[in-house]
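Protein chains in written order, with the working numbering: chain A, 1 to 784; chain B, 1001 to 1784.
Report on the following structure.
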């Protein structure tokens, strides 16, 4: 195998035309944050219950301490999506904490005494007991404060498709197994990673200074930075330094082959230096998908992915993690795949470890130098440029042109060009000015505020309907695994290991039977069923025969009615009789309606406003009144300007992706204005409300106003009965109510329509009123 | 009230413009038939179990005897539909009898001795016990043989809408209650009915001669007609005669008012002449909807409908009942409403009874005469013409022109013109020639054969899809009440009093959850779910990007594939690779497909034939293979002629109303022939099969061939597993099978599609093979 030689790899990849596939992969992120209270003290509260079983939630759990949340993304095809998912996790967690914050720093805030730091608690299962017991062992051996150092792990593997193609080409002679091939790929990357890893510390390191309350034996050697913190002048990453999250001593591990690796780990275990491989705090880990018995798994299945473990939380990023840094690590790993390996000498790796430590504790200075393999010296700058240029060379050679990659490389290069651009330089400056606790706490609070504003989207899933995003978010919170079965259709699968649920458009579920849906889908049948259940629906019929319509006068002569074309755009052809119609007017109205369409509806006129009740199970979980698209005048701005202003609201978007839709000024709206003798240039008076649409749909710019706590119980009861009449578990009940203060429903209401797919997002982010958390309601109802 | 005066009624109806509504009404039919065995002997078997509880099935039950089936229609708006429904009941019952027939005559076939005639048996409920005990009383008082006389009852009322309008006009002064008004309407009709009723005996009477085995005390006075029967020379209706289904003596009942009526009945009961009103065998009955405590109901709610009880079974009609006779009775009742009533003198009613008896026993002669109210005489002919002309006058006066009514009146007039045209004349002729038992038995057998041929339709519901008709028929058989909620949508409600089921298109039910349907509706998701369950589906993807399609060559290079446009009419743009494709051919195929559509499918090519498995619950209830529309040559006829011939099959129709569709020779078929270098004028050789379509849908003229008993169990198991994978209770599984004799499914099958609304009619009336009774399966599965 000539994997070691860059040129050889280039040739194969070009030959196979898999240049693009080289950049594909499987990416996952794990991230820890400690929780702090509003003073910046480690929160001693329990891990929030909403996140369910710590051993089962695959996304949100705890790390060492009860106060240390760990967030884990699933595997994604591109780095960006993994990063977006981590964003989601960070948001979800942030919003669930009550008066607490995610501490935006690897180094903890104000710590209590060792013994007060709570070890994560688990249930009484065998697994739970082991998890607790292992943490106790770590606490005793390393101290709880050390274990509280939080960071980010980045998991990477190539696509199997890519590796298989490579393997098939290389292994034409059938000289090697696929497993051995894969091991060699990942071991080469690992060795080069270990050699060049110091650059990541330089570029990403962000853990210094440290708070007074940290381990005394560490800070005693450090300089005071502020009243509440200590530091080393040129340190980049305390967490990656000798005093950081490290084994007690340097451990000799052999990366020449997988067998050598396993053997060396086993030796360390037998020497009592490690309890198991998990305790080996290496900057990169060789991993298998099945986490049980990792050594056996490694031997049997080979290396399945790599875990990069050196990333500090970045306090300057809302979620502690800059996408461009992750993307750089990905490119760096590709560099590690290509970079020639002339010979493998494990003795040299002690020097690489030394370089690591040196950069971590002393790297943020202009002229730090490394000893080369041949003994000569090279500055950190030169070596940094070398890595970045090598990456560029690889991409050029493979004709991979990508604007984003260029940005990523330039972003990193700037940090090499100028040490003031490193995170640590900026951090020290900030801490010096504001104090350690104060700076980080303010950042945490600032980030939370931002999150509150933008959290209605599930990042990476913005193409889905908002209602579906809300359900997914709730699922993630509870640790329910999900799969998007059909993005365009908003068709998802939720699976918590016990039950599976297929859900389309958030509220189409297995709870309702097909016939229930069919009834609701058919207005004629819905009406019949509701009537049978003594629920008031507007009396009326559709007509396609003008004479039949006229002849039926006797049916309507004793009620207020509306006569309208089946479809009408501008309200044309509609006649409303607010008194009992006389026969002549009745017939005229029918003629007018038939001029607009060849099918008309004559229906009892129901006074009042329309309210959307959402029934889930046997409860009304939300009530909303929708107001047609409108603007409120200020006496200065034109309608056009008022619309533009109203549309600036971050809640308004286009295509159901945001809670409210932007108001349009299209043909329909302009015609509607024209009927009011207005145009878009009309300047409404102060507080004058101008409606722009007849219909009140949110989808055409309507406003949503929450009435859940306002509507009397009796109408909720009627909504529930309506849903029950068609045996619906999830049902949008559209009810007209004349006077919501009248608790006698007789003559005061009618059901207009039942909807089997009520949107939930409108109730979660109403224009006025509060979030009714319908994502939670849906999942509760589904029994998750 | 001037209801008595014809002219007064005319004026009101004209004024209100409710001429049409006069002819509307509520119509229902009840009919009895004795069951006989293949020798014409009264069947002594039990009432068929399939018809369920005798006290609960509203359509099919027993009358006096276990051997006497009673069929009851629901209420319809027009007579024709009630008649059609009776047709359905007659068919349903006929087809369920095993080696038995419905005897097509009011007078029974070969009877055993009195004591051997089985009284209808009921369950042990209070109701059941009463029903049995009442029949025992009748048996003792009248004899079982008399009780076996079977006939037809016709129920009529006006639409409430019509009566209310009339009432509102008449009662402007508020002098009378609606109840009293209705009573007066129906009592006037009743009195005129009693006066003129003899005409119905003349026109419809069909019960003479009588079999030897009937009551000796009756036949002893009669003349011998054949070896096996006796008769009176001019009798029209033995059943309506003094020796027929009558009370022991003439009973004096007062019809002047409802109170007088109730009083006279009560008197008869107190005198011991009647046990209750039910025992009063009057030729017309005053009825209330609630059958419990009829006298109380009459007093409280008034008369709600009239029951005409004089109709004999007509042996010349397949179901024993000529529609034109029923329609005449309806017109006759309208005549009874209008005909002036100068004064009411109940004494005259004894003469009317005498007329009735005289016509029944002696009416079939040229010159029978009646005594008029004034004592003068009038011939039956003159009086008959008077009634028919009176009806014509009424309709003329009200401008009601209706071709059908004209036919009905002419049909009756012919019977008056010429006594040879009466049913009885024809019947005596037939019996004389063929013998009593033989004639009727042959008729019964002939009718059964006809029914077998035409029974796939539910009369009056032919506009519904055949699958829905099948389900309705099964529901009727079991006595489940139904409602058509939306005819166009084939949306029905079944209600057996215990449970309600909403069903659309026969197989869309509450059994399947909405998410199950949504999965099946989405082919992409269906495939994913099946794959997760280790069920073989064709590998493949849709493409809208030609380059992406080409780049994916590596995915398909190791399998046989089909490349095809998403939609194609004439098979254009489809490439099938029956060997692994080389890259060049693969790319060409993609280019060809993209010329036809901007979305293409590349899919693993699955060899074999496609089979539709219908899974219901956890069973495969039917398997069908569909063959594209085709003709088989005879060496003589052209394709066009062969198609015409094949289309003559009574099973082929248009628009899903018949089990198979007629083959069309449209653009698609002609293009398909052209691709074979044939035209519709081509003459196929003997036994040459020419296909006219690529697709095998029944809807485009395909043939259906039943394979239910042929396909090996293992494939049924796979079909069941497929349905289970999506949690479907009713599921059409389309499976490709390469070799149906190979019981190793590996590589021998693939699932093409799951269908949530499998048609059931194709399995009930296949082109080849047997009825799989899927209507029964659906209702069984629904728990009915």
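Beta carbons: idealized from backbone N, C-alpha and C, even for Gly.
From residue i to residue j, what does the alpha carbon distance come to, in whole angstroms?
{"i": "residue 319(A)", "j": "residue 90(A)", "result": "6 Å"}
{"i": "residue 1077(B)", "j": "residue 1021(B)", "result": "11 Å"}
{"i": "residue 376(A)", "j": "residue 307(A)", "result": "31 Å"}
{"i": "residue 1586(B)", "j": "residue 1550(B)", "result": "8 Å"}
{"i": "residue 1099(B)", "j": "residue 1474(B)", "result": "21 Å"}
{"i": "residue 1496(B)", "j": "residue 1472(B)", "result": "13 Å"}
{"i": "residue 1196(B)", "j": "residue 1316(B)", "result": "25 Å"}
{"i": "residue 1639(B)", "j": "residue 1665(B)", "result": "9 Å"}
{"i": "residue 355(A)", "j": "residue 371(A)", "result": "8 Å"}
{"i": "residue 542(A)", "j": "residue 1504(B)", "result": "21 Å"}
{"i": "residue 1683(B)", "j": "residue 1642(B)", "result": "9 Å"}
{"i": "residue 1159(B)", "j": "residue 1343(B)", "result": "27 Å"}
Suppose contacts are defined by Cβ-Cβ distances below 8 Å. Is residue i in contact with residue j by that definition?
{"i": "residue 1088(B)", "j": "residue 1476(B)", "result": "yes"}
{"i": "residue 107(A)", "j": "residue 67(A)", "result": "no"}
{"i": "residue 363(A)", "j": "residue 380(A)", "result": "yes"}
{"i": "residue 751(A)", "j": "residue 562(A)", "result": "no"}
{"i": "residue 1264(B)", "j": "residue 1252(B)", "result": "yes"}
{"i": "residue 1255(B)", "j": "residue 1191(B)", "result": "yes"}
{"i": "residue 613(A)", "j": "residue 735(A)", "result": "yes"}
{"i": "residue 1689(B)", "j": "residue 1711(B)", "result": "no"}
{"i": "residue 152(A)", "j": "residue 75(A)", "result": "no"}
{"i": "residue 1388(B)", "j": "residue 1395(B)", "result": "no"}
{"i": "residue 1517(B)", "j": "residue 514(A)", "result": "yes"}
{"i": "residue 1237(B)", "j": "residue 1360(B)", "result": "yes"}
{"i": "residue 226(A)", "j": "residue 36(A)", "result": "no"}
{"i": "residue 1303(B)", "j": "residue 1182(B)", "result": "yes"}
{"i": "residue 786(A)", "j": "residue 4(A)", "result": "The structure shown does not extend to residue 786(A), since chain A spans only 1 to 784, so no value can be given for it."}
{"i": "residue 349(A)", "j": "residue 194(A)", "result": "yes"}
{"i": "residue 848(A)", "j": "residue 778(A)", "result": "Residue 848(A) lies beyond the range of chain A shown here (1 to 784); nothing can be said about it."}
request  = Check whether the stretch 112-132 of chain A touches the stretch 53-67 of chain A, taking contact to mean three or more Cβ pairs, one atom from each stretch, closer than 8 Å.
outcome  = yes
ask   = For the stretch 493-527 of chain A, which residues have a beta carbon sitting closer than 8 Å to at least one beta carbon of chain B?
value = 501, 502, 503, 504, 508, 509, 510, 511, 512, 513, 514, 515, 516, 517, 518, 519, 522, 524 and 525
query = Between the stretch 652-660 of chain A and the stretch 712-732 of chain A, are three or more C-beta pairs nearer than 8 Å?
reply = no
request  = Tell me the start and end of each unbroken alpha helix (DSSP H) in the stretch 1279-1326 of chain B that is at least 4 residues and wholly inside, in chain order.
outcome  = 1294-1301
query = Are at least three pairs of beta-carbons, each pair with one atom in the stretch 11-21 of chain A and one in the stretch 443-460 of chain A, less than 8 Å apart?
reply = no
task = Give the residues from the stretch 1461-1487 of chain B that approach chain A closer than 9 Å (Cβ to any Cβ), ordered along the chain.
result = 1483, 1485 and 1486
request  = Taking a Cβ distance cut-off of 7 Å, strictly less, list which residues of the stretch 70-91 of chain A are near chain B, in chain order.
outcome  = none
request  = Name, going along the chain, the residues of the stretch 145-170 of chain A whose beta-carbon falls closer than 7 Å to a beta-carbon of chain B.
outcome  = none
inquiry  = As an exercise, report each continuous beta strand (DSSP E) stretch of at least 3 residues that is fully enclosed by the stretch 1558-1592 of chain B, in chain order.
reply    = 1561-1565 and 1575-1577
request  = Tell me the start and end of each unbroken alpha helix (DSSP H) in the stretch 421-452 of chain A that is at least 4 residues and wholly inside, in chain order.
outcome  = 423-434
query = For the stretch 750-768 of chain A, which residues have a CB atom closer than 7 Å to at least one CB atom of chain B, in sequence order?
reply = none
inquiry  = Within 8 Å, do at least three Cβ pairs link the stretch 161-174 of chain A to the stretch 287-297 of chain A?
reply    = no
inquiry  = Would you call the stretch 1322-1339 of chain B in contact with the stretch 1405-1422 of chain B, where contact means no fewer than 3 C-beta pairs closer than 8 Å?
reply    = yes
Beta strand (DSSP E) runs wholly inside the stretch 1063-1088 of chain B, at least 3 long, in chain order = 1068-1072
query = Fully enclosed by the stretch 1449-1505 of chain B, which beta strand (DSSP E) runs are 3 residues long or longer?
reply = 1481-1486, 1491-1495 and 1500-1504
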